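Have a look at the structure below, then the notes.
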Amino acid sequence: MRKLDMDQKQSVLIIDDNQQDVNSLKKLLRKEYRIRSANTVEKAFKAIGTRNPPDLILLNSLMAGMDGSELCKRLRSTPKTWNIPVIFITSEFSEDEESRLFKMGAADYLLKPYNPLTVAARVRTHAEIKKYRECLEVSYYRDGLTALPNNRRFEEYYDSVWSFAARESLPLSLIKVSIADFDWYIDNYGQQAMDDCLMAIANNLSHAARRKTDMLARTGREEFTCVLPNTRIDGAIVLAEAFRASVSSLGILGSSNDTDVSIGINQGVATTIPTNDMLSKKLLEAAEEALKKSISEGSNQINCKSI
1 MRKLDMDQKQ SVLIIDDNQQ DVNSLKKLLR KEYRIRSANT VEKAFKAIGT
51 RNPPDLILLN SLMAGMDGSE LCKRLRSTPK TWNIPVIFIT SEFSEDEESR
101 LFKMGAADYL LKPYNPLTVA ARVRTHAEIK KYRECLEVSY YRDGLTALPN
151 NRRFEEYYDS VWSFAARESL PLSLIKVSIA DFDWYIDNYG QQAMDDCLMA
201 IANNLSHAAR RKTDMLARTG REEFTCVLPN TRIDGAIVLA EAFRASVSSL
251 GILGSSNDTD VSIGINQGVA TTIPTNDMLS KKLLEAAEEA LKKSISEGSN
301 QINCKSI
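Under my numbering, think of the first position of the sequence shown as 1, with each following residue one higher.
This is the structure in structure tokens:
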């Protein structure tokens, strides 16, 4: 899920092999949107598959070599692109044509020759709907304080990587992280100081988890959980050690008479190779058990469990 910038211009991808039509649309839209274009199927899919896919697609419904229904199907099947609206461009209008376009997956359509007011209004409507959906997605899946994925997003991602790991017989690891001295810190410094502490810890942990496939989420009041696809126990331990070092480097005073002692974290690491007959909660329970053992042993402890 990409970070949403409300002030940034949205991007529109025009897919059409008629350069004159592309130029006409660019002229109408370039003041409000960032415009890209593609005149072949290959270029279209390359543009859509970038790290910054378009917010809206305008597609010539009769473009040679382009199956509009297949493009829509591919968009819907990919998490990064499932909500990109496609406005089809057509030169003929009838009830049958309208039905055909909507069956292909159109959000709307534009009729040639273009009416500038109609183009502006329909593109703006679907661009605003797209932005509104992204706002809802950010608030639905993000922790309001740390901006990390929340427990809801963690559960969805964990279920998906569990299924993939079971299908491909790949290892899967979890790291449960709990902040030591959490209540002590609130009692002594207040909730605002604890919030600042949480944000600093979340930032350092997220920088330590560098792989794009790893997800660090805030899953509890003082708890984070990191999902590590295709990772064995030794790799998970290396990251847990990096987590411990990154939090220690903050130098936040912990509950000790020794003022040189910094606030720490406890961690539970669990690894397995999922199978189709294994319940996904087993790995979660193993990580929780390992975390409880770490907490019982003091601060900055790491315990591991393989199942």
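For every residue, glycine included, the Cβ atom is placed at its ideal position computed from N, Cα and C.
Given the structure is predicted, the values throughout are model-derived calculations rather than measurements.
Tell me the DSSP secondary structure of Y158 in three-state form.
Note: Y158 maps to helix in three-state DSSP.
Mapping the DSSP letters down to three states, classify R218 as helix, strand or coil.
Three-state result, R218: strand.
Backbone CA spacing between A47 and K80 [nearest angstrom]:
Each residue's alpha carbon lies about 13 Å from the other.
Close beta carbons around L145, own chain, < 7 Å, minus the five adjacent residues each side:
Excluding positions up to five away in sequence, the list reads D195, L198, M199.
Please report the straight-line C-alpha distance between I186 and Y132, rounded to a whole angstrom.
When rounded, the distance between both Cα atoms is 36 Å.
Considering only the alpha carbon of each residue, which of S173, M278, Q191, E42 lies closest to A166?
Among S173, M278, Q191, E42, the Cα nearest to that of A166 belongs to M278.
For S99, the first and last residue of its enclosing alpha helix (DSSP H)
For S99, the enclosing alpha helix (DSSP H) stretches over residues 95–104.
Out of curiosity, what's the CA-to-CA distance linking G49 and P171?
Computed Cα separation, rounded: 27 Å.
Is W184 near the ligand NAP, judged by its Cβ being under 7 Å from some heavy atom?
As presented, the structure is devoid of all ligands, the ligand NAP included, so that no description of it is given.
Less than 8 Å between the CB atoms is what I'm expecting for A180 and N266, so what's the real figure, rounded?
A180 to N266, Cβ: 6 Å. Contact.
With H, G and I counted as helix, E and B as strand and the rest as coil, what does DSSP make of G235?
For G235, the three-state secondary structure derived from DSSP is helix.
With contact counted as at least three CB pairs below 8 Å, one residue from each stretch, are the region 30–40 and the region 74–91 in contact?
Taking a cut-off of 8 Å for Cβ pairs, the region 30–40 and the region 74–91 do not touch, as fewer than three such pairs fall below it.
Which value, in whole angstroms, describes the spacing of the CA atoms of P113 and S139?
A straight line joining the alpha-carbon of P113 with that of S139 spans about 40 Å.
Does N257 pass the burial test, meaning 16 or more other C-beta atoms within 10 Å, or should it be called exposed?
With a pLDDT of 49 at N257, under the threshold of 50, the modelled position of that residue is not reliable, and the figure given next carries that caveat. N257 counts as exposed, since fewer than 16 other beta carbons sit within 10 angstroms of its beta carbon.
Please state the DSSP three-state secondary structure of D258.
Legend: pLDDT at D258 = 49, less than 50; position of this residue unreliable, value from coordinates given subsequently. D258 falls in the coil class under three-state DSSP.
Comparing alpha-carbon positions, which option in Y109, P85, I87, I84 lies nearest E95?
The candidate whose alpha carbon is nearest that of E95 is Y109.
Whose C-beta lies closer than 6 Å to the C-beta of V22 among residues of the same chain, with five residues either side of it excluded?
I14, D16, S37.
Quick one: using the 10 Å Cβ neighbour count with 16 as the cut-off for buried, is M1 buried or exposed?
At M1, the pLDDT of 48 sits below 50, so the modelled position is not reliable; the number obtained from the coordinates is stated separately. Exposed, because fewer than 16 other Cβ atoms sit within 10 Å of the Cβ of M1.
Measuring CB to CB, does A270 end up less than 8 Å from I295?
In this structure, A270 lies away from I295, with their beta-carbon atoms at least 8 Å apart.
Pairs of beta-carbons, one from the region 24–35 and one from the region 122–129, closer than 8 Å: are there three or more?
The region 24–35 and the region 122–129 touch, with no fewer than 3 CB-CB distances between them shorter than 8 Å.
Strand pairing of L253, partner residues [DSSP]
Note: L253 sits in a beta bridge opposite S262.
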